[in-house]
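At the far end of the sequence shown sits residue 185, using UniProt numbering, and the numbering has no gaps. Just so you know, even glycine gets a beta-carbon here, dropped at the ideal spot from N, CA and C. Let me begin by presenting the structure, written as structure tokens, before commenting on it.
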Amino acid sequence: MYRNCVCESQFERVLRFELPKIKEACAEFRQGNKPYEPKIIFAVVGKRHHMRIFPINPQNKNEADRNGNCLVGTVVDKKITHPTLNDFYLQSHYANQGTARPSHYTILYDDIKLTIDQFQSLSNALCYNFQPTSSSISIPTPLKYARLTCTRAKMYLKSQKLPYVFYMKHKKYLIVYLLAFITNY
């Protein structure tokens, strides 16, 4: 599971509040009499940072693209990463202009026990499935679609001109209504 828009100071909060709610929601689905308890890997993906990565030899076409950026699929998981967190930088997209900004991945929880290389490979592969483009994007496709869905929901809610109090009181029903609207749109 990928999550974005979380800064490092919120990691503890995400693990304490969001992860249990996700597990709780999964448990509502039943497999016979047993609750559904999938193994989960929970990673935060960030683009709002100032880190840039560069090839050692930008003129070498085996190390750099035509703009001098690292090749698509480049991973940096040593030296510049956090000393205690399980994190890495992945350059999964091609920058048409300027310097590419790699995405920063931080694994907060892992039931699946993937190796870091397996997770990096999976994350890179998921950047190639975004339908509007034939090239890779900078974040995993499920995260991109979630962002687009939230944007659509936000526009829909604004068009309804409902007061903020309505959202808070009727949150559960509103989400169900929104999902029904979005899927039937």
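Specify, as a first and last residue, the run of the beta strand (DSSP E) that residue i falls within.
{"i": "residue 106", "result": "103 to 110"}
{"i": "residue 22", "result": "Element bounds for residue 22: not the beta strand (DSSP E) but the alpha helix (DSSP H), 19 to 27."}
{"i": "residue 43", "result": "41 to 46"}
{"i": "residue 90", "result": "86 to 91"}
{"i": "residue 75", "result": "74 to 76"}
{"i": "residue 4", "result": "2 to 4"}
How far does the alpha helix (DSSP H) with residue i in it reach, from first residue to last?
{"i": "residue 160", "result": "141 to 160"}
{"i": "residue 120", "result": "116 to 125"}
What does the Cβ neighbour count give for residue i, buried or exposed, with the cut at 16 atoms within 10 Å?
{"i": "residue 88", "result": "buried"}
{"i": "residue 119", "result": "buried"}
{"i": "residue 21", "result": "exposed"}
{"i": "residue 144", "result": "buried"}
{"i": "residue 56", "result": "exposed"}
{"i": "residue 82", "result": "exposed"}
{"i": "residue 164", "result": "Residue confidence is low: residue 164 scores 49 on pLDDT, short of 50, so the model does not pin down where it sits. Its coordinate-derived value is still stated next. Exposed."}
{"i": "residue 66", "result": "exposed"}
If you reduce the DSSP assignment to three classes, tell me which class residue i lands in.
{"i": "residue 128", "result": "helix"}
{"i": "residue 52", "result": "coil"}
{"i": "residue 16", "result": "helix"}
{"i": "residue 10", "result": "helix"}
{"i": "residue 34", "result": "strand"}
{"i": "residue 64", "result": "strand"}
In terms of DSSP beta bridges, what is residue i paired with?
{"i": "residue 208", "result": "Residue 208 lies beyond the stretch modelled for the chain, which goes from 1 to 185, so this question has no answer here."}
Do we get a CB-CB distance below 8 angstroms when we pair residue i with the residues of chain B?
{"i": "residue 63", "result": "Here there is only one protein chain, and chain B is not present."}
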